[in-house]
Amino acid sequence: DKLLKIDMQDKTYGWTVEMQLKAAKHKLKFCEIPVSYRKRIGVSKITGTVKGTVLAGYKIITTIFKYL
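The opening residue of the sequence shown carries number 229 in this note's numbering; numbering runs sequentially from there.
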């Protein structure tokens with residue numbers, strides 16, 4: 229299976245970036261599928277705080293450099 233071939237590792241905020249980079253590296257076809265969202269009830273644990281936003285951003289950026 230192609231998903232097993234790219235050997236996904238990240239279980240947090242960097243998984244989407246990891247999947248895109250590895251799919252491109254293995255020349256796999258992929259596309260973005262639009263999704264409709266409902267308004268969130270409450271506050272996000274991630275983007276609702278400066279700390280959460282910074283930590284998620286840091287994880288995404290380090291994942292990019294890890295797989296480039």
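Ideal Cβ positions, reconstructed from N, Cα and C, are used throughout, including at glycine.
In this text, all values refer to a predicted model and were calculated from it rather than measured experimentally.
The Cβ atoms of T281 and T290 lie no closer than 9 angstroms to each other. In the structure shown, Y265 adopts coil according to DSSP, grouped into three states.
Here the alpha carbons of Y286 and K255 stand approximately 27 angstroms from one another. Approximately 4 angstroms separates the beta-carbon atoms of Y295 and L249; this is inside 8 angstroms, confirming the contact.
C-alpha of G270 to C-alpha of T277: approximately 13 angstroms in a straight line.
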